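Inspection log for the structure reproduced underneath, given as structure tokens.
Protein chains: 2
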Amino acid sequence: MKNGLLFILPGAKEIGRALMQQFNAEEGNAIIRKFPDGETLVKVVSDVYGREVLIVCSLNNPDEKLLPLYLLAKTLKEFGASSVLLIAPYLAYIRQDKSFSFGECISAPLFAQLLSTCVDQLITLQPHFHTGKSLSELYPIHASGVSAAPLIASWVVNNVSKPFLISPDNESSQWVEKMAEDIQVPFMAFNKSRKTDEEVELVLSQMATIDGARTPVIIDDAITTGATMKEAIVTLRKFTAKLPVCIAVHGLFVRGAFEKLMMAGAGKIVTTNTLSHPTNAIGVERLLADEVCKNSFVLY
Amino acid sequence: MKNGLLFILPGAKEIGRALMQQFNAEEGNAIIRKFPDGETLVKVVSDVYGREVLIVCSLNNPDEKLLPLYLLAKTLKEFGASSVLLIAPYLAYIRQDKSFSFGECISAPLFAQLLSTCVDQLITLQPHFHTGKSLSELYPIHASGVSAAPLIASWVVNNVSKPFLISPDNESSQWVEKMAEDIQVPFMAFNKSRKTDEEVELVLSQMATIDGARTPVIIDDAITTGATMKEAIVTLRKFTAKLPVCIAVHGLFVRGAFEKLMMAGAGKIVTTNTLSHPTNAIGVERLLADEVCKNSFVLY
């Protein structure tokens, strides 16, 4: 990366630094701080004139993070950045891509349009969709979502002997089933019905026979409250004595999710580093950097 | 108000209810809640088709509040609201209307443009400017800022015997001096220099003689950390034994501001109800309602 500058937003320091090493890029210097009245002050210190700029910002807690990101991106353009690429290792507001009951805001395209008014391009990992929609349907700018499947498959192969893979719901079953085929291990799926934000019900979608000699590996897009993962652990433990390995691409871990899963009987919890957490064991920086290079940024 | 609907956002319940009584309006019903992952779900329950809609939202903590407001306003339009008027008793992002050092984001017009993409009209009270800019220079939509001076003048006349008015800095001196003329009481001003967010220095701008029989009334746009007001109290107490009355239009009271002012020797602290706080003693709902009626909303 010859001429680029990479700005790391608060909360994305670990993944930002890891990306910087991938690119061998220069770190952009900006001051982003809150005034006592809650407004954000953004000051771009680096000279960005004529340069291609990357911003790394993981969009958990999106409501608080959007405006600082928006102000930074606009200011970079104001001071002459030739383009602004957002790397959002975790992207928000993609699940509400349809109305689930009358009167509901379909927030996904609204958020996408808003973000598209301040950045020129978006790269994210494993966008966490409800429906089959793709990023290009939501985003007017060029937006690509990289699959974390190869990294997770590789981690399983290297770290779990005799695994079998489990997807806790239909949303993740397709990519997890494909992963199981790729690494040639057994697969099973739960059917999930959601009762509330923190209550779900899981049933086995088929009369699966569970080989007690194999280690269950439950794989999901994200762990938020951990409700789904916990139900999967509890249900599995009725069928096998082996403690399951729990893997999620994005570890949000809110409302005591980590403690909840450990208490339910997780043997190990593993996440990628899209969101900084002690469970981070799979680095996604190389995958994201490769995607940046693929996407025709002239200088990479 | 024949056909209008008024939606009250979280944090604006008191002023919202007071406004509703002024208009004799129907309260709009919307669910605004956070998912565990931090995203906001907005659901408009009332039928808004063809109706004029008002949203009441005080924009302290603006970074968190902007996106829920944006999603609500867009959804109201989506479901057919004929127009959306935002009443922001306290408005944010108007102070950074120029760059104070190279590289700084000029956030005021950026915020104004963003807000203008989701609402059709804006009414606020006593916008808290640094420079002489007006709302119409910032906002592409029709935006009006009502002065709180008449209400404060009236409160002083009715509640303080033998007052003299003090403005703690040059920003507020013009409107406070005019108020002193209107109610025919003495006036003096401090010159302020700001060292940090929470440290200011005040000096008397003239060799004022202070009549020890009069009660000092310090008036400012806002109390945030209370740093300015506190310095004014401390400086004044060197010249008079009378405890000052401290009045602010907007009471943000962050970082223990209220306690700080009481400990410094405030005789009484009074605010308007733009932001809910125990010091609220001046209701602005009538003033805001009158402005709504003036601004050619056909149905009022």
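Chains as they are written, first to last, in the working numbering: chain Y, 1 to 300; chain P, 301 to 600. Glycine is no exception: its CB is placed at the ideal position from the N, C-alpha and C atoms. Model, not experiment: these values are computed from the prediction.
Does residue i come within less than 8 Å of chain Y when only Cβ atoms are used?
i, result
"P/Cys405", "yes"
"P/Ala392", "yes"
"P/Gly338", "yes"
"P/Lys560", "no"
"P/Pro486", "no"
"P/Lys398", "no"
"P/Glu437", "no"
"P/Val603", "Here chain P has residues from 301 to 600 only, and residue 603 of chain P is not among them."
"P/Val592", "no"
What is the DSSP secondary structure of residue i, counted as helix, strand or coil?
i, result
"P/Phe490", "strand"
"Y/Ala88", "strand"
"Y/Phe79", "coil"
"P/Gly316", "helix"
"Y/Ala148", "coil"
"Y/Lys43", "strand"
"Y/Glu199", "strand"
"Y/Lys34", "strand"
"Y/Ser167", "strand"
"P/Gln413", "helix"
"Y/Asn3", "coil"
"P/Cys546", "strand"
"Y/Val234", "helix"
"P/Pro368", "helix"
Please confirm whether residue i and residue j have their CB atoms less than 8 Å apart.
i, j, result
"Y/Leu151", "Y/Thr272", "yes"
"Y/Leu252", "Y/Val146", "no"
"P/Phe411", "P/Tyr390", "no"
"Y/Ile183", "Y/Ala153", "yes"
"P/Ile518", "P/Pro486", "no"
"Y/Lys268", "Y/Lys230", "no"
"P/Thr509", "P/Val554", "no"
"Y/Asp63", "P/Leu367", "yes"
"P/Leu306", "P/Glu327", "yes"
"P/Lys511", "P/Phe464", "The identity of residue 511 of chain P in the sequence shown is Asp, whereas the question assumes Lys. In this structure, P/Phe464 lies closer than 8 Å to P/Asp511 by Cβ."
"P/Val384", "P/Asp420", "yes"
Out of curiosity, what's the CA-to-CA distance linking residue i and residue j?
i, j, result
"P/Leu354", "P/Gly304", "7 Å"
"Y/Arg95", "P/Gln474", "51 Å"
"P/Ser416", "P/Leu422", "9 Å"
"Y/Thr228", "Y/Glu199", "8 Å"
"Y/Leu71", "Y/Asn191", "42 Å"
"Y/Leu138", "Y/Leu59", "16 Å"
"Y/Val270", "P/Lys433", "53 Å"
"Y/Lys77", "P/Ser399", "15 Å"
"P/Leu319", "P/Ala325", "8 Å"
"Y/Ile141", "Y/Glu285", "22 Å"
"Y/Val156", "P/Lys374", "44 Å"
"Y/Val292", "P/Gly316", "47 Å"
"Y/Val160", "Y/Lys294", "32 Å"
"Y/Lys178", "P/Asn361", "45 Å"
"Y/Phe239", "Y/Asn280", "28 Å"
"P/Ile582", "P/Met562", "19 Å"
"P/Ala532", "P/Asp469", "9 Å"
"P/Ser401", "P/Lys495", "15 Å"
Return the chain-ordered list of same chain residues with a C-beta closer than 7 Å to the C-beta of residue i, the five sequence neighbours on each side being excluded.
i, result
"Y/Cys57", "Leu9, Ala12, Lys65, Leu69, Leu86, Ala88"
"Y/Lys301", "Nothing in the structure corresponds to residue 301 of chain Y, since chain Y is present only between 1 and 300."
"Y/Val45", "Asn29, Ala30, Ile31"
"P/Gly350", "Gly380, Ser382"
"P/Phe578", "Phe is not the amino acid found at residue 578 of chain P; the sequence shown has Pro there. If we look at P/Pro578 and ignore the five residues flanking it on each side, it has no Cβ neighbours."
In chain order, what residues of the same chain have a beta carbon less than 8 Å from the beta carbon of residue i, not counting five sequence neighbours either side?
i, result
"P/Asp521", "Gln426, His428, Glu471, Ser472, Ala548, Val549, His550"
"Y/Phe35", "Leu41"
"P/Glu404", "Gln396"
In chain order, what residues of the same chain have a beta carbon less than 6 Å from the beta carbon of residue i, not counting five sequence neighbours either side?
i, result
"Y/Ser193", "Glu201"
"Y/Phe79", "Val44, Val48"
"Y/Ala143", "Leu122, Leu135"
"P/Val534", "Ala564"
"P/Gln321", "none"
Any Cβ of chain P within less than 8 Å of the Cβ of residue i?
i, result
"Y/Thr224", "yes"
"Y/Thr75", "yes"
"Y/Pro68", "yes"
"Y/Glu27", "no"
"Y/Pro10", "no"
"Y/Arg51", "no"
"Y/Phe7", "no"
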